[in-house]
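Accompanying notes for the structure given below.
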Amino acid sequence: MMHWSRRAVFVVCLAVALFGSLYAFQKPFKEFSGTEYYAGDIPLPADWKDKTEFAFARMMFPGGPLDGYQRTGRFTGDYHYGLSLWTQDYPRADRHFLEAVRRLTRINARSVEQAVDIEDGDDVFNWPFLYAVQAGEWGLTEKQGQRLREYLDRGGFFIGDDIHGPAEWGEWERRIKYAYPDRQMVDIPNEDAIFHTVYDLNDRQIIVGRDHLREGSKNGGTVPRWVAIYDDKNRIVVAGWFNQDTGDSWEWADDPYYPEKYSAQGIRQGVNYIIYAMTH
Numbered sequence: 004m005m006h007w008s009r010r011a012v013f014v015v016c017l018a019v020a021l022f023g024s025l026y027a028f029q030k031p032f033k034e035f036s037g038t039e040y041y042a043g044d045i046p047l048p049a050d051w052k053d054k055t056e057f058a059f060a061r062m063m064f065p066g067g068p069l070d071g072y073q074r075t076g077r078f079t080g081d082y083h084y085g086l087s088l089w090t091q092d093y094p095r096a097d098r099h100f101l102e103a104v105r106r107l108t109r110i111n112a113r114s115v116e117q118a119v120d121i122e123d124g125d126d127v128f129n130w131p132f133l134y135a136v137q138a139g140e141w142g143l144t145e146k147q148g149q150r151l152r153e154y155l156d157r158g159g160f161f162i163g164d165d166i167h168g169p170a171e172w173g174e175w176e177r178r179i180k181y182a183y184p185d186r187q188m189v190d191i192p193n194e195d196a197i198f199h200t201v202y203d204l205n206d207r208q209i210i211v212g213r214d215h216l217r218e219g220s221k222n223g224g225t226v227p228r229w230v231a232i233y234d235d236k237n238r239i240v241v242a243g244w245f246n247q248d249t250g251d252s253w254e255w256a257d258d259p260y261y262p263e264k265y266s267a268q269g270i271r272q273g274v275n276y277i278i279y280a281m282t283h
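Pasting the structure below:
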């Protein structure tokens, strides 16, 4: 069910005005080659240069000890230039999801994503919503974790996605502690506003990646979890999608082979988290 309170609309408008003031400081859009798509494989939408109210920021990061690409030696270059773990599903997932955001909400979202290096000056502070894929295989450093903490303490919102099984959970949780050594990650209760900002997500299920549809899970992770770290004001600042491949649900939303039920939930889930980030 979709519902917007007057307060939510008012707060979104205020947030949009604030985000608009950041335009002059944001780095320009740049496209990278990724693990699945080369730069230019997906045509840019006509409005890719437009200044809009919201931009979807994707976080760059080095691979960690569980990074399958590093183990195979397939990609061994500098992650700042793409062709590495952070580019999984990119940019197709981002752009499909942004199409949905533009259609299903009142947010004027940019049709293309923004790749963000959190160590590149103050650029990260210009992007209030930050997403990382395959966050169970990442190699977030202590320095990056401290930078992430500063970003979150200054009002940012961060999501880690595509984390599967106990080993990846361990890497995700251990490295998030570089940012928040003093806080625990907990399961989000069903009554939390993040599940009810636009859609009531009471009946949630595991979101399976396209390459794992036959077995129904990855790395034995059959029980999905929606986890978070809360700040002193009981606001979610770090969110995690565990035993879920939400990025795939966006990437393959137009593929008849991929089950629509996963994309339906993944898109609604992402929309709710964006609205929560902008109103809390």
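In the working numbering, the protein residues as written are 4 to 283.
For glycine and all other residues, C-beta sits at the position ideal for the given N, C-alpha and C.
Computed from a predicted model, the values in this text were never measured in an experiment.
Test item: CB-CB of residue i and residue j under 9 Å
| i | j | result |
| --- | --- | --- |
| F2 | L133 | Here the chain comprises residues numbered 4 to 283, so residue 2 is not present and cannot be evaluated. |
| V240 | L107 | no |
| Q137 | I210 | no |
| R152 | Y183 | yes |
| A135 | G85 | no |
| Y260 | R213 | yes |
| D164 | D257 | no |
| Q73 | G250 | no |
Contacting residues, own chain, Cβ-Cβ under 8 Å from residue i (five flanking each side not counted)
| i | result |
| --- | --- |
| L47 | E34, V115 |
| A196 | Y279, H283 |
| N205 | N193, F198 |
| Q268 | L204, R207, Q208, I210, S252 |
| M188 | E176, I179, V230, A231, I232, V241, G243 |
Three-way DSSP call (helix, strand, coil) for residue i in this model
| i | result |
| --- | --- |
| V241 | strand |
| W253 | helix |
| I110 | coil |
| G163 | strand |
| V226 | coil |
| G66 | strand |
| R186 | coil |
| Q91 | coil |
| I179 | helix |
| R61 | strand |
| L133 | strand |
| Q268 | helix |
| A231 | strand |
| W141 | strand |
| Q247 | coil |
| Q73 | helix |
| V211 | coil |
Exposure of residue i, with buried meaning 16 or more beta-carbon neighbours within 10 Å
| i | result |
| --- | --- |
| K221 | buried |
| P169 | exposed |
| R157 | exposed |
| F22 | At F22 the pLDDT is 48, less than 50, meaning the model places this residue with poor confidence; the figure from the coordinates comes in the next sentence. With 16 or more other Cβ atoms within 10 Å, it is buried. |
| W51 | exposed |
| R217 | exposed |
Close Cβ partners of residue i (< 7 Å) along its chain, the five nearest in sequence each way excluded
| i | result |
| --- | --- |
| W172 | G139, I166, F245 |
| R228 | D190, F245, N246 |
| D97 | F59, R61, E116 |
| V104 | I110, A112, V274, I277 |
| M5 | Residue placement at M5 is poorly supported in this model, since its pLDDT is 49, which falls under 50; the coordinates still yield a value, given next. Same-chain partners within the cutoff: V201, Y202. |
Sequence-distant residues of its chain with Cβ nearer than 6 Å to residue i (five each side left out)
| i | result |
| --- | --- |
| R238 | H283 |
| W89 | M63, F64 |
| R113 | T55, A58 |
| S36 | A42, G85, L86 |
| V127 | V119, I121, Y154 |
Best match in the options for proximity to residue i [C-alpha to C-alpha]
| i | options | result |
| --- | --- | --- |
| T276 | Q247, D251, A256, G243 | Reading off the sequence, residue 276 comes out as Tyr, not Thr. Closest option to Y276, Cα to Cα, is G243. |
| L143 | R109, P131, I121, T200 | I121 |
| D53 | F32, V119, Y82 | F32 |
| Y93 | D185, W255, H215 | W255 |
| L69 | G219, S266, E174 | E174 |
| P262 | H215, K236, T225, R186 | H215 |
| D125 | G223, Y265, G159 | G159 |
CB contact check: residue i to chain C, cutoff 9 Å
| i | result |
| --- | --- |
| D248 | No chain C is present in this structure, which holds just one protein chain. |
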